Amino acid sequence: MTQPYLSATHMRGGYGKADILNDCTITVDRGQIAVIVGPNGAGKSTAMKAVFGMLNLREGTVLLNGEDITRLTPQERVHKGMGFVPQTHNIFPTMTVEENLEMGAFTRGEDFSDTLAQVYDLFPAVAMKRRQRAGELSGGQRQQVAVGRALMTKPSLLMLDEPTAGVSPIVMDELFDRIIEIARTGISILMVEQNARQALEIADIGYVLVQGANRFTDSGKALMADPEVRRTFLGG
Amino acid sequence: MDILNALVAILNFVVIPAAAYGAQLALGALGVTLIYGILRFSNFAHGDTMAFGAAACIIVFWGLQALGISLHPLPTALLALPVAIAVTALLMIATDRVVYRYYRAKRVDPIIMVMASVGVMFVMNGLTRIIIGVDEIRFDDGARFVINVADFRAWTGLSEGLALRQSQVVTLVVTALACWALFWFLNRTRSGKAMRAYSDNEDLALLSGIDPDRIVRMTWIIAAALATTAGVLYGLDKSFKAFNYFQILLPIFAAAIVGGLGNPVGAVAGGFIVAFSEVAITYPWRKVAGYLFPGWQPEGLLQLLSTEYKFAVSFVILIVVLLFRPTGLFRGKSV
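Quick note, the sequences are listed as chains D and V, same order.
For any residue, its number in the numbering used here is found by taking its place in the first sequence, counting from 1, and adding 59.
For any residue, its number in the numbering used here is found by taking its place in the second sequence, counting from 1, and adding 1209.
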C-alpha cells in the first residue's frame, strides 16, 4: 500500500504540561475528505493544529507527501502545500474581498489571475462583492472568503477548522458542496466539524476522537451506520 | 462690505493658520496611527522623532547654505528634507533593533512598549539638544509671503488685510503630496497591502507568508519620513525649538485618537479637527463680531479660552471622543 498524502501518526502533545493529544493518528489521501469529529474537548481542533505545526509535539511524526515536516513552523508548512483556515479571525476585515484573496497569493511571485478566477468560479457570491470590505460580509460569505484566501496559496492539503460554525443550515450545505468540489480537483481536505452528521455524510474517512485519542476510524458512511457511534456521538 | 471684511478676518486669523497647523498635526498623527496599527503601541517618542528629523534637516540646510546652494524662492529646507528623512529612518531602525525588537520577540503587553517608547523619547530628546542646542532656530529662507497684507488691501480695497505666508502654502502642498503618496502606497502596492494585512490580522498575515521583519522595517521608514516632514514643516512655520515638539505630542495623539487609532484617513481628519478647534476656541472673535454686528459692543475679546490653555482643547476633544465614540470617528481600534 502506498503512503497516504498526509500521515500524522502517534501524535502526543498539548499547550501546557498536560497532553491533550494521546497517541492520535490522522491520515488523508490525495483528493480525500477527512473529517475529525468528537465530543467537546476531545482535542479535535488541537489535532488539526498539531498537524499544522501550531503546537509542539512530544511524540509522533507528521509526513506530507513522504517528507517529514514535524519540526517545521506553520509558515514553512504553507510553503510545503498546506492551506489553513482558522475558525475565527480568518479574514482581513478592513481589506476588500479581492485584496484578501491577493494576500493569500502573497508568496507566489507569479501571475495568480487564473487561481483568482477559479476561486470566483467556486464562490460566485464572493465574486459579486470583490470590491467590498470583507468585514462587512455575512458570516457565510466571510467563510467563503477565508476558504478562498487559503485556496490562493494553491495548497495540496486544505485544512478547515469548523468552517460551518455559526452559519445557517442552507449556507452550511452550500459550503459542504463547495468543499466536495474542491476535493474533486485533487486537493486533500482535512476538516474539524461540530455538525458531525452532515460532515460525515461527505467524508471519505472520519475520525472520532475521544480524549485526544482515536476511538473510531472508518469511512463516513460506515461511521454513520455504526450503532455505537450513532448512540454516543450523533444522538441516536 | 462688512461681511466680506469679516470673512477675510476669519480666513486670515482662523482658516489659514488652522489649515497649516492641521496639516502638520495630520502628518504627525499619520505616523502615530501607522505605528499603532502595525506595531501595536502608542509611540510617545514620535514628537521627539519629529524634533530629531527637523534638527537633521537644519544641519543639512546649513551645509547647503555654506555651499551656496539655495532653492529660492522656495525654502532650501525642502532640498535637505530627503537626506534628513534617510538619517532619521536609520536612527529609527537602529532604535528598533536595540529597544523594540527585544520586547516584540517577547510579545509583551502594549503598555510595556509604550513605556519603552517613553524612554526612547527622553534619549532622543537629549540627543537632539546635544546635536543642535536648545535655542530657537529659524531656517525658513526663500520668499516670506505669497500674499502680504498691504498688497491684499490694495487689490481688494477692503480694510481688513490677509496674509498668506509661504511656509503655510508649502505646508499644505507638501502634506497633500505626502498623503497622496502614502495612500497610494497603502492601497495600490503589494508591500502597502501587506502592511494593511499585517495591521488587520497579524496571524493570518504570517500564514499568508508576509515577512514580519520587512513590515516592521517599512513601518519605521515611513514613520520616519512622516515625522521628519511634519517636524520640518512645523519648524518652517513656527521656527525650530527642540522643546516645542514634546508639547505638540498631545494634539498629535488627540488627532490620531479622534480619527480612530490605526486608521490613516482618520488621522488626517483628526489633525484638522483638533487644529480648527484649537484655533477657533483661542481666537478673539471681537473683530469679526464688530464687522457682523456693528451695533454690538461686547465687553471682552470674545475669546473662549486664552491661548495659554490651547492644550486643554486637545484634552477636552480627547475626553469627549473617548466617552462617546471610543474607536474614534472613523472606526479605528479602541484604545
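Positions of the beta carbon are idealized from the N, C-alpha and C atoms, including for glycine.
Just so it is clear, the structure is predicted and the values come from calculations on it, not from any experiment.
Problem - Straight-line gap, L1290/V to R1313/V (C-alpha atoms, nearest Å) - result: Counting from 1 along the second sequence, the entry for residue 1290/V is found at position 81. Counting from 1 along the second sequence, the entry for residue 1313/V is found at position 104. Near 30 Å, if we compare the C-alpha coordinates of R1313/V and L1290/V.
Handout entry: Boundaries (first-last residue) of the beta strand (DSSP E) holding I238/D
Key = For the purposes of this step, residue 238/D is taken as the residue at position 179 of the first sequence. Unbroken run through I238/D is the alpha helix (DSSP H), 228-243; no beta strand (DSSP E).
Problem - Which listed residue (R243/D, A242/D, D263/D, L268/D) has its alpha carbon closest to that of Q253/D - result: The residue given as residue 253/D occupies position 194 in the first sequence. Ranking R243/D, A242/D, D263/D, L268/D by Cα distance to Q253/D puts L268/D first.
Practice task
Could you name the residues of chain V that G163/D contacts, counting a contact when the two beta carbons are closer than 8 Å?
Solution key: Here residue 163/D is taken as the residue at index 104 of the first sequence, counted from 1. Under the 8 Å cutoff, chain V gives S1417.
Exercise for the section: Would you list the residues sitting across from L65/D in a DSSP beta bridge? Expected result: The sequence position of residue 65/D within the first sequence is 6, counting from 1. Paired residues: V87/D, L123/D.
Handout entry: Proximal residues of chain D, C-beta to C-beta of D1409/V below 7 Å
Key = Looking up residue 1409/V in the second sequence gives position 200. Those within 7 Å of D1409/V in chain D are F151, P152, T153, M154.
Exercise for the section: Please say whether I1424/V and I1247/V have beta carbons closer to each other than 8 Å? Expected result: Taking the second sequence and counting its residues from 1, one reaches residue 1247/V at position 38. Taking the second sequence and counting its residues from 1, one reaches residue 1424/V at position 215. A contact, by the Cβ cut-off of 8 Å.
Exercise for the section: Output yes or no for whether 8 Å exceeds the beta carbon distance between V1477/V and I1526/V. Expected result: Translated into positions along the second sequence, residue 1477/V becomes position 268. Translated into positions along the second sequence, residue 1526/V becomes position 317. It is not a contact, given that the beta carbons lie outside the stated cut-off.
Practice task
Within its chain, find whatever has a CB closer than 7 Å to the CB of Y74/D; leave out the 5 residues flanking it on each side and keep chain order.
Solution key: Within the first sequence, the letter at position 15 stands for residue 74/D. Cβ neighbours of Y74/D beyond the five flanking positions: L114.
Handout entry: 7 Å Cβ cut-off: residues of chain D touching R1316/V
Key = Locating residue 1316/V in the second sequence gives position 107, counting from the first residue. What R1316/V touches in chain D, judged by beta-carbon distance under 7 Å, is nothing: the nearest beta carbon there is about 15 Å away.
Practice task
Closer than 8 Å, Cβ to Cβ, to anything on chain V: give me those residues from the stretch 195-222 of chain D, in chain order.
Solution key: Residues of the stretch 195-222 of chain D with a C-beta atom less than 8 Å from some C-beta of chain V are R208, T212, listed in chain order.
Exercise for the section: Could you tell me which of T120/D, I95/D, Q91/D, K108/D sits nearest to T68/D, measuring between CA atoms? Expected result: Locating residue 68/D in the first sequence gives position 9, where the first residue counts as 1. Checking every option, the nearest Cα to that of T68/D belongs to T120/D.
Exercise for the section: Note down, in chain order, each residue of its chain lying with its Cβ closer than 8 Å to the Cβ of Y1518/V, except the 5 sequence neighbours on either side. Expected result: Position 309 of the second sequence, counted from the start, is the residue given in the question as residue 1518/V. Only T1491 meet the Cβ criterion.
Practice task
Kindly say whether D1412/V, judged by its beta-carbon, lies nearer than 8 Å to any beta-carbon of chain D.
Solution key: Position 203 of the second sequence, counted from the first residue, corresponds to residue 1412/V. Answer yes: the Cβ-Cβ gap between D1412/V and chain D drops below 8 Å somewhere.
Exercise for the section: Identify whether N1252/V lies in helix, strand or coil by the three-state DSSP scheme. Expected result: Counted from its first residue, the second sequence places residue 1252/V at position 43. Note: N1252/V maps to coil in three-state DSSP.
Handout entry: Buried or exposed by the 16-neighbour rule on C-beta atoms within 10 Å, applied to P1507/V
Key = Numbered from 1 along the second sequence, position 298 holds the residue referred to as residue 1507/V. The residue is exposed, with fewer than 16 neighbouring Cβ atoms inside 10 Å.
Practice task
Could you tell me the distance, in whole angstroms, from the CA atom of N1396/V to the CA atom of L1538/V?
Solution key: Sequence index remark: in the second sequence, residue 1396/V carries index 187 (1-based). Sequence index remark: in the second sequence, residue 1538/V carries index 329 (1-based). Roughly 21 Å separates the two Cα atoms.
Practice task
Run down chain D in chain order and give the residues with a C-beta less than 9 Å from the C-beta of A1478/V.
Solution key: To locate residue 1478/V, count along the second sequence from 1; it is residue 269. Residues of chain D passing the Cβ test: none, with the nearest at roughly 16 Å.
Practice task
With 8 Å as the threshold, decide whether the Cβ of V178/D is near any Cβ in chain V.
Solution key: Counting from one through the first sequence, the residue named residue 178/D turns up at place 119. Answer no: the Cβ-Cβ gap between V178/D and chain V never drops below 8 Å.
Problem - H69/D: contacting residues in chain V (beta-carbon distance under 9 Å) - result: Here the question's residue 69/D lines up with position 10 in the first sequence. Near H69/D there are no residues of chain V at all, since even the closest Cβ is about 26 Å away, more than 9 Å.
Exercise for the section: Please check if any C-beta of chain V sits within less than 8 Å of the C-beta of T105/D. Expected result: Within the first sequence, numbered from 1, the residue matching residue 105/D stands at position 46. Answer no: the Cβ-Cβ gap between T105/D and chain V never drops below 8 Å.
Problem - Collapsed DSSP secondary structure at F1472/V in the structure displayed - result: Position 263 of the second sequence, counting from 1, holds the residue named residue 1472/V. For clarity, residue 1472/V is Asn in the given sequence; the question names Phe instead. N1472/V falls in the coil class under three-state DSSP.
Practice task
Mind checking which residues open and close the alpha helix (DSSP H) that includes A1286/V?
Solution key: Indexing the second sequence from 1 puts residue 1286/V at position 77. Start and end: 1286-1304.
Exercise for the section: Measuring only between beta-carbons, confirm whether T166/D sits less than 8 Å from chain V. Expected result: Taking the first sequence and counting its residues from 1, one reaches residue 166/D at position 107. T166/D counts as touching chain V.
Exercise for the section: Taking A1387/V as the reference, give the member of T1365/V, D1360/V, A1433/V, A1414/V with the closest Cα. Expected result: As a position in the second sequence, residue 1387/V is number 178, starting the count at 1. Among T1365/V, D1360/V, A1433/V, A1414/V, the Cα nearest to that of A1387/V belongs to A1433/V.
Problem - Three-state secondary structure assigned by DSSP to R117/D - result: Position 58 of the first sequence holds residue 117/D. In the structure shown, R117/D sits in a strand (DSSP, three-state: E or B).
Handout entry: Selected residue, minimal CA-CA separation from V1223/V, among F1485/V, V1358/V, S1251/V, V1382/V
Key = The residue labelled residue 1223/V in the question sits at position 14 within the second sequence. V1223/V has its Cα closest to that of F1485/V, out of F1485/V, V1358/V, S1251/V, V1382/V.
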